Amino acid sequence: KIWVRVLADIPITGKPTEVRMGRGKGNPTGWIARVSTGQILFEMDGVSLSNARQAATLAAHKLCS
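Residue numbers (the working numbering): 518 to 582.
Here's what the structure looks like:
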C-alpha cells in the first residue's frame, strides 16, 4: 500500500497576457501544496526495503522534473 500524505489545496490563478488590470484574479491554472522541510510525502507498507527505495527514487525523478 502507498499513502500520499500531501494534498494540493492551494489554487494557482493566472490571466492571459495583454489583459487589462481588474475584473478578478483569473481562471485557476493548477494546484500546489506547501511542503515543509522534513515532511513525509509518501508512506509505504507491505513492500521490501529495496523495492520501496526503488519506487521512491522513481517518484523523486518524476516530482523534480
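Glycine included, every Cβ here is placed at the ideal spot set by N, Cα and C.
Fair warning: this is a prediction, and the values are worked out from it, not measured in the lab.
Look up residue i in the DSSP assignment and give the residues it is bridged to.
i	result
residue 547	529
Thinking C-alpha only, which one of the options is nearest residue i?
i	options	result
residue 534	544, 564, 528 and 519	544
Is residue j closer than 8 Å to residue i when the C-beta atoms are compared?
i	j	result
residue 563	residue 532	no
residue 577	residue 550	no
Express the C-alpha separation of residue j and residue i in angstroms, rounding to a whole number.
i	j	result
residue 571	residue 557	17 Å
residue 575	residue 537	43 Å
residue 560	residue 569	9 Å
residue 528	residue 555	23 Å
residue 546	residue 553	23 Å
residue 581	residue 541	32 Å
residue 530	residue 548	9 Å
residue 565	residue 523	23 Å
residue 573	residue 539	44 Å
residue 567	residue 520	18 Å
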